[in-house]
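Worksheet: one structure, shown below.
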Amino acid sequence: MASLKFLPFAGTALKNLFSKPVTTSYPFAPAQYPERMRGHIEIDIENCISCGMCARSCPPGALTVDRAAGTWTIQRFDCVQCGNCVNVCPKKCLKMAPGYTTPDTTRRSDTFTRTTPLPKPAPRPAAKPAAPKPAAAPEAKPETKPEANPKA
Amino acid sequence: MAKRSIVPFGPQHPVLPEPVHLDLVLEDEVVVDAVPSIGFVHRGLEKLVETKDFKEYVYIAERVCGICSFGHGLGYCQTIEHIMNVEVPPRGRYLRTIWMEMSRVHSHLLWLGLLADAMGFESLFMESWKLREKILDMFDATTGGRVIFSVNCIGGVLKDMDDTMLKNIVDTCNEMERELKPIADAFLRDYTTGSRLHGLGVLTPKDATLMGAVGPMLRASGVAYDARKLGYAAYDELDVEPITATDGDSYARCEVRIKEIGQSFSLIRQAVAQIPAGPIAVPVKGMPNGEYFTRIEQPRGEAIYYVKANGTKFIDRFRLRTPTTSNIPPMLNMLKGCQLADVPLLILTIDPCISCTER
């Protein structure tokens with residue numbers, strides 16, 4: 001057994017009496033959040049293609065995506081900040097940002113509406129005239145544009 | 001024979017924040033029997049596995065407990081990875097080890113604070129939790145969460161740490177190790193704490209083994225068993241020796257946990273020194289089919305994860321045996337013969353997590 005001492009904690013206790021508090025006086029001093037903090041979700045709605053992957057993979061079911069209306073809705077108090085939607089988003093338009101959702105007396109939901117309409121889906125390759133042109137033609141640029149769109 | 005009386009203890013008790021109820025049978029001030037009843041915080045998290053995608057369930061698995069959350073996510077992922085024959089990249093395994101050891105430090109410091117609080121040593125409680133805050137800040141900076149980390153995924157981890165972050169972790173560990181010393185001294189060498197802990201709730205090595213004690217509780221009775229020796233994550237490449245004590249009393253359990261904090265700092269330093277470069281996760285394709293069980297060493301002791309999958313995205317059965325479940329029978333044995341005033345302290349020395357136990 002280690003030898004016992006009287007008041008081994010007295011030094012620490014005295015030091016604490018004359019030192020500054022380790023806590024910050026929030027809300028008078030702003031809270032410091034690290035860069036990676038998963039505080040709340042933000043969406044760049046103009047980039048969203050309303051695929052609904054985020055809503056399907058949300059464990060608490062806090063997200064609703066309406067493709068026709070172009071809206072993306074989040075129930076702020078249902079969200080558990082797991083970040084799964086951010087991981088599955090194919091357009092990477094979702095991100096976790098620092099800062100917690102502020103408390104409220106009612107269940108709050110935020111709806112984001114896309115202002116620009118979704119681009120028309122790319123025409124099927126069969127609809128295009130099958131013209132195996134030589135690759136050197138610079139005029140082929142407008143035709144290659146729809147091909148660059150993802151099919152899904 | 002003295003008159004017997006029954007005193008209900010919990011589930012709401014000022015000293016013990018865990019929702020366990022005990023009917024204490026007393027003879028005068030001495031406990032002669034304790035009858036537990038649990039089930040106050042059952043949430044049915046195991047059942048949820050049947051309705052959630054197996055990849056999404058990682059987020060639910062880690063919400064089983066607010067302290068061992070990283071370990072629960074890790075245990076579940078490891079089990080699925082074994083079923084699907086997924087090899088986690090070395091960097092992913094090392095990152096898991098670093099976060100697991102940080103969880104251990106965080107859990108043990110929380111326990112030390114609670115122990116001080118149960119003894120009425122409030123300033124020591126504050127000091128322990130002040131130190132723990134540094135670990136939580138490190139978690140926040142590296143994973144994005146203080147308590148629920150959401151960094152585990154099937155096939156590896158979701159977030160990497162750069163060299164600056166790894167260096168910060170080592171620096172913070174070194175600083176914390178220095179700051180832990182006076183706190184450890186207050187727990188292990190103070191007359192007041194010593195008089196509350198010495199000789200309280202002695203568990204012999206034979207009893208500990210027979211009753212299935214796990215973790216620091218088993219090691220404090222002198223049995224050198226640590227599931228980290230099984231070599232999951234990156235533990236097979238690190239130097240892990242079980243820390244034991246011989247007395248088997250509450251003081252020994254406190255001593256083991258304090259020494260384990262130091263061991264965790266050393267493991268974090270080793271892991272940071274050896275961490276290889278490379279990918280942190282591998283993509284996982286297909287659905288799991290089969291069954292497997294994994295054991296990992298949680299801060300509170302050995303936990304068992306069992307998964308039975310059927311080839312679809314939903315899993316048939318997930319079973320989690322938490323360390324507290326194993327530690328309750330030896331705790332009931334220890335309670336017999338102790339003073340009523342020592343009951344909260346004694347229950348606390350097993351580091352109970354009833355929410356984990358009931359899932």
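Taken in order, these protein sequences are the chains called A and B. Residues in the first sequence are numbered consecutively from 1, following the working numbering. Residues in the second sequence are numbered consecutively from 1, following the working numbering. Glycine residues also receive a C-beta, built at the ideal position from the N, C-alpha and C atoms.
Hey, is residue i's beta-carbon within less than 9 Å of any beta-carbon in chain A?
i	result
Thr143(B)	yes
Asn85(B)	no
Thr162(B)	A quick correction: the sequence has Asp, not Thr, at residue 162(B). So, not an interface residue.
Ala186(B)	yes
Ile275(B)	no
Arg43(B)	no
Pro182(B)	yes
Ile148(B)	yes
Asp53(B)	yes
Gly60(B)	The sequence as given places Ile at residue 60(B); Gly does not occur at that position. So, interface residue.
Glu127(B)	yes
Cys153(B)	yes
Asp351(B)	no
Arg189(B)	yes
Asp171(B)	no
Arg63(B)	yes
Thinking residue i and residue j are a contact (beta carbons under 8 Å), I'd like their distance in whole angstroms, please.
i	j	result
Pro299(B)	Arg96(B)	That pair is no contact at about 15 Å.
Ile148(B)	Arg63(B)	6 Å
Ile83(B)	Val307(B)	6 Å
Ser123(B)	Ala13(A)	5 Å
Gly337(B)	Val31(B)	7 Å
Phe121(B)	Thr193(B)	7 Å
Using beta-carbon positions only, say whether residue i and residue j come within less than 9 Å of one another.
i	j	result
Leu332(B)	Leu114(B)	no
Pro157(A)	Asp117(B)	The shown model of chain A, from 1 to 152, leaves out residue 157(A), and the question about it has no answer.
Ala224(B)	Thr244(B)	yes
Cys65(B)	Ser250(B)	no
Val170(B)	Lys159(B)	no
Trp72(A)	Thr111(A)	yes
Tyr94(B)	Gln274(B)	yes
Met161(B)	Met102(B)	no
Ala208(B)	Arg36(A)	no
Thr357(B)	Thr312(B)	no
Lys91(A)	Cys58(A)	no
Gln81(A)	Arg107(A)	no
Arg4(B)	Leu22(B)	no
Cys79(A)	Thr113(A)	no
Arg132(B)	Leu109(B)	yes
Glu177(B)	Phe265(B)	yes
Under DSSP, the alpha helix (DSSP H) around residue i begins and ends at which residues?
i	result
Leu109(B)	90-119
His82(B)	69-83
Leu335(B)	323-335
Val86(A)	84-88
Ser37(B)	Unbroken run through Ser37(B) is the beta strand (DSSP E), 30-37; no alpha helix (DSSP H).
Thr113(A)	Where Thr113(A) is concerned, there is no enclosing alpha helix (DSSP H), although the beta strand (DSSP E) it sits in stretches over 109-113.
Val58(B)	57-61
Leu238(B)	Leu238(B) -> no alpha helix (DSSP H), and no H or E assigned at all.
Leu348(B)	343-348
Comparing the C-beta of residue i with each C-beta of chain B, is any distance below 9 Å?
i	result
Glu42(A)	no
Asn47(A)	no
Thr83(A)	The sequence given here has Gly at residue 83(A), not Thr. Judged by the 9 Å Cβ criterion, Gly83(A) is in contact with chain B.
Ala13(A)	yes
Lys57(A)	Just to set this straight, residue 57(A) is Ser in the shown sequence, not Lys. Interface residue, yes.
Met53(A)	no
Leu118(A)	no
Lys95(A)	no
Lys20(A)	no
Ala62(A)	no
Arg36(A)	yes
Lys91(A)	no
Pro103(A)	no
Val65(A)	no
Tyr156(A)	The structure shown does not extend to residue 156(A), since chain A is modelled only from 1 through 152, so no value can be given for it.
Pro146(A)	With a pLDDT of only 43 at Pro146(A), under the threshold of 50, the placement of this residue in the model should not be trusted; the figure read from the coordinates follows. Output row for Pro146(A): interface = no.
Phe9(A)	yes
Considering just the uninterrupted stretch of the beta strand (DSSP E) at residue i, what are its terminal residues?
i	result
Gln298(B)	289-298
Thr64(A)	63-66
Lys95(A)	94-97
Pro8(B)	4-9
Arg253(B)	Element bounds for Arg253(B): not the beta strand (DSSP E) but the alpha helix (DSSP H), 250-274.
Tyr306(B)	301-310
Val25(B)	21-27
Ile74(A)	71-75
Item to complete: Run through the region 108-181 of chain B for me and flag every whole beta strand (DSSP E) of 3 or more residues, listed as ranges in chain order.
Response: Within the region 108-181 of chain B, no complete beta strand (DSSP E) run reaches 3 residues.
Worksheet item: What beta strand (DSSP E) runs, 3 residues minimum, are completely inside the region 5-47 of chain A?
Response: Within the region 5-47 of chain A, the complete beta strand (DSSP E) runs of at least 3 residues are 40-43.
Discussion item. My parser needs the alpha helix (DSSP H) runs of 4 or more residues fully inside the region 197-236 of chain B; what are they?
Written reply: Segments of the alpha helix (DSSP H) lying fully in the region 197-236 of chain B: 205-210, 216-220.
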